[in-house]
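Undergrad: Numbering of the sequence shown is given in the numbering used here, commencing with residue -12 and proceeding in unit increments.
Note that beta-carbon positions come from the ideal geometry of N, C-alpha and C, so glycine has one too.
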Amino acid sequence: MFEYSFTYLQLRAKFEDMIKRVTITPEASKLIAELKSRFGDLMFHQSGGCCDGSSPMCFEKGEFKLGGSDVKIGEVDDCEFWMSRDQFEYWQHTQLQLDITKGRGSSFSIEIPTGFRFMIHSRLFTEDELKDLEPVSFID
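#1: Name the DSSP bridge partner or partners of residue 18?
#2: Using the Cβ count rule (16 or more neighbours within 10 Å means buried), how would you classify residue 128?
#3: So, with DSSP's three-state summary, where would you put residue -4?
#4: Identify, in the order they occur along the chain, each residue of the same chain with its Cβ nearer than 8 Å to the Cβ of residue 58, setting aside the five sequence neighbours on each side.
#5: Where residue 12 and residue 106 are concerned, what is the direct C-alpha to C-alpha distance, given to the nearest angstrom?
#6: Give the DSSP bridge partners of residue 58, in chain order.
#7: Let me know if residue 43 comes out buried or exposed under the rule of 16 or more other beta-carbons within 10 Å of its beta-carbon.
#8: Out of curiosity, what's the CA-to-CA distance linking residue 91 and residue 98?
#9: Please go through the region 75 to 107 and give each complete beta strand (DSSP E) segment of 3 or more residues, from N-terminal end onward.
#10: Can you check whether the CB of residue 51 is closer than 7 Å to the CB of residue 80?
#11: Compare the beta carbon distance of residue 29 and residue 48 with 7 Å and say whether it is the shorter of the two.
#12: Which residues in the same chain have their Cβ closer than 6 Å to the Cβ of residue 7, if we skip the five residues on either side of it in sequence?
#13: Are the beta-carbon atoms of residue 64 and residue 34 separated by less than 7 Å?
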């Protein structure tokens, strides 16, 4: 019979020690807290371009239709962060950092009336980090 060598707490600690695919700045965290107080649970979808540019878009959770072509790459401040599988193929070696900047974006994102817009900074993972990334998830 197979015996488990890890307890739940050990597995949880290992997951928490993994390298995050998406992080957040304190300024973006403050804006998310403000938006959550007004709208409730939120989610993000990293846009791939076209008419909404390439900014991360913030929605009330469930207001953006996700499907089999989307990948959840992580969470920031208990908000799921998604992007398309095609885009993930290009960005899978990149850590994203959610930030804000003054100005009005040209998208359907919920923060537009605040005078700020979400933006992404990115960097390539190191070889060591690539070995210990948080897992992604998909919609079945």
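TA: Let's see:
#1: Along the sequence shown, one-based indexing puts residue 18 at 31. According to DSSP, residue 18 bridges with nothing at all.
#2: Residue coverage of the chain in this structure runs from -12 to 127, which leaves residue 128 outside it and unanswerable.
#3: Here residue -4 refers to the residue found at position 9 of the sequence shown. With a pLDDT of only 49 at residue -4, under the threshold of 50, the placement of this residue in the model should not be trusted; the figure read from the coordinates follows. Three-state DSSP puts residue -4 in a helix.
#4: For the purposes of this step, residue 58 is taken as the residue at position 71 of the sequence shown. The answer, listed in chain order, is 69, 70, 71, 72, 75, 123, 124 and 125.
#5: The residue labelled residue 12 in the question sits at position 25 within the sequence shown. The residue labelled residue 106 in the question sits at position 119 within the sequence shown. The alpha-carbon atoms of residue 12 and residue 106 are separated by roughly 11 Å.
#6: Taking the first residue of the sequence shown as position 1, residue 58 is located at position 71. According to DSSP, which records beta bridges pairwise, residue 58 is partnered with 70 and 125.
#7: Position 56 of the sequence shown, counted from the first residue, corresponds to residue 43. Residue 43 should be labelled buried.
#8: Residue mapping note: residue 91 aligns to position 104 of the sequence shown, counting from 1. Residue mapping note: residue 98 aligns to position 111 of the sequence shown, counting from 1. Looking at the backbone, the Cα of residue 91 and that of residue 98 are separated by about 9 Å.
#9: 81 to 89
#10: Translated into the one-based positions of the sequence shown, residue 80 becomes position 93. Translated into the one-based positions of the sequence shown, residue 51 becomes position 64. Going by C-beta atoms, residue 80 is not nearer than 7 Å to residue 51.
#11: By one-based count along the sequence shown, residue 29 stands at place 42. By one-based count along the sequence shown, residue 48 stands at place 61. Yes. Within cutoff.
#12: For this step, residue 7 is matched to residue 20 along the sequence shown. So the qualifying residues of the chain are 61 and 121.
#13: As a first step, residue 64 must be located in the sequence shown, where it is residue number 77. As a first step, residue 34 must be located in the sequence shown, where it is residue number 47. No, the Cβ-Cβ distance between residue 64 and residue 34 is not below 7 Å.
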